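In my numbering, the protein residues as written are 324 to 680.
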C-alpha cells in the first residue's frame with residue numbers, strides 16, 4: 324500500500340512556464356534559488372513576416388530569496404518566506420546549474436537557452452545576477468538542453484561543465500579567469516535530442532548522457548575515441564534525467580519518459596538494482612544534499628515525488644511523499660542546501676498553463 328504523505332507548497336506565478344529551479348549551494352548564498360522559464364510564441368495569423376516553420380521561444384530568469392523566519396503562532400515552527408529579488412528577460416531557458424565552487428569569490432551558474440547559448444552568470448550578495456561569460460554552440464537552430472558541473476564533490480575538478488544539445492551531441496567547457504569560457508571537446512552521443520548530461524561526481528572523467536533514442540550511455544573523457552564505454556537499453560523511452568549520488572560513490576539514478584526511476588550500481592551497469600514507477604515522465608531527479616536516502620523527482624504529468632532507499636544495497640526504493648496540486652507540467656525540482664530537513668522547492672506547481680519544450 325502506498326502510504327505517501329502530501330507535501331505543502333507556497334505557489335507563485337512566473338507568467339511563463341517554469342521548467343528549471345536550482346538552489347545555490349555556496350555558503351552565505353544558500354537562500355537564493357534560480358528559476359528559469361520558457362514560452363513558445365504563437366505567430367500571429369496576420370503577420371506574414373515570420374517564418375511559420377520556425378518555433379520562436381522566449382523566457383525569463385528569476386532569483387528568489389527563500390528564507391525561514393519564526394512563525395508568530397508557534398515559536399518552535401518555521402515559516403517560509405519567498406521573495407523575488409531579480410528578473411531578466413531572455414531567450415527560453417532550458418536548464419540552470421550552479422557550480423559547487425565559487426569563481427572569483429562569487430557563485431556562478433551555467434544558464435543554457437533555446438538559442439544555443441551557454442551563459443555563465445555570477446551572483447552577488449543581494450541576489451543579483453550578472454553575465455560574465457557567454458558562448459554560442461555555433462549551430463543555427465540547435466537548442467542547448469541541459470548542463471552539469473564536474474565540481475560537486477571534488478573541488479580539484481575546477482570549473483568544467485558539460486552541455487547537451489538538441490542535435491544529440493554534448494560538449495565540455497572550462498571556465499578560467501584568463502581564457503574565459505573555452506570549449507574542450509564534443510561527442511556525438513545520440514541519434515535524437517540529448518535531453519540530459521551529467522558527471523559522475525566522484526570520478527569526473529566519466530560522463531553520462533541520456534537521449535530521445537531511449538539510450539543511457541557512459542563516456543570516458545580520458546579516451547581519445549569518441550565511442551561510449553557502455554550503452555544501456557533498459558529504458559523504453561527517452562532518457563531525460565540523470566543524478567550521480569553526492570555521497571555514495573557507486574550510486575546513480577536515471578529517469579525517463581517511460582515513467583520509471585532506475586537506481587544503478589555504476590560498478591555493474593548492465594541492469595538497475597532497483598526501480599519504481601513514477602506515473603509520469605521523470606524530467607528531473609535530485610538527491611538530498613545531506614540525507615543520502617532521499618531522492619526528489621519531477622514527474623511531468625504526475626506531480627512531484629520523494630522516494631527513499633530503504634537499505635544499503637539499494638534494492639528497495641519506496642515512495643514516501645508527493646505534491647499533486649499543481650496545474651502544470653512538473654519539470655523542475657530541487658532541495659535547499661540551507662534547510663537540512665526534507666523541504667524542497669518546485670516551480671511547476673505554479674497556477675498556470677505549461678507548454679512542452
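Even for Gly, the Cβ is constructed at its ideal location relative to N, Cα and C. Every value quoted in this text rests on a predicted model; they were computed, and no experiment measured them.
- Pairing residue 438 with residue 464, the inter-Cα distance amounts to about 7 Å.
- DSSP, reduced to helix, strand and coil, places residue 480 within a helical segment of the structure shown.
- Closest option to residue 337, judged by alpha-carbon separation, among 408, 347, 528, 402: 408.
- Ranked by Cα distance from residue 411, the options 333, 542, 571, 381 are led by 381.
- In the DSSP annotation of this structure, the continuous segment of the beta strand (DSSP E) that includes residue 521 starts and ends at 519 to 522.
- Of 570, 513, 347, the smallest CA-CA separation from residue 614 is found for 570.
- Counted as a single uninterrupted DSSP element, the beta strand (DSSP E) harbouring residue 641 occupies residues 640 to 646.
- Every beta strand (DSSP E) stretch that sits fully inside the segment 498 to 563 and reaches 3 residues is listed by chain position as 503 to 511, 519 to 522, 529 to 533, 539 to 543, 553 to 555.
- By the neighbour-count criterion, in which a residue is buried when 16 or more other Cβ atoms sit within 10 angstroms of its Cβ, residue 548 is exposed.
- DSSP places residue 593 outside both helix and strand once states are collapsed to three, so it counts as coil.
- A straight line joining the alpha-carbon of residue 349 with that of residue 534 spans about 30 Å.
- Nearest Cα to residue 505 within the set 483, 471, 525, 511: 483.
- Cβ neighbours of residue 478 within its own chain (closer than 6 Å, five residues either side excluded): 424.
- In the three-state reduction of the DSSP assignment, residue 432 falls in the strand class.
- Distance between residue 503 and residue 494, taken at the CA atoms: about 16 Å.
- Residue 580 is classed as buried because its beta carbon has at least 16 other beta carbons within 10 Å across all chains shown.
- The beta carbon of residue 352 sits closer than 8 Å to those of 430, 446, 448, all from its chain and outside the five residues before and after it, given in chain order.
- With contact defined as three or more Cβ pairs closer than 8 Å, the segment 548 to 560 and the segment 614 to 630 are not in contact.
- Remark: C-beta atoms of residue 599 and residue 630 approach each other more closely than 8 Å.
- Per DSSP, the unbroken beta strand (DSSP E) holding residue 607 starts and ends at 607 to 610.
- Between residue 584 and residue 601, the C-beta spacing is below 8 Å.
- Beta-bridge annotation (DSSP): residue 581 is not paired with any residue.
- Our two residues, residue 538 and residue 546, have alpha carbons roughly 21 Å apart in a direct line.
- Per the C-alpha coordinates, the member of 643, 551, 490, 385 positioned closest to residue 461 is 490.
- Within the same chain, 441, 504 come within 6 Å of residue 458 by CB-CB distance, once the 5 residues on both sides are set aside.
- Taking a contact as a CB-CB distance under 8 Å, the pair residue 578 and residue 620 counts as one, their CB atoms being some 6 Å apart.
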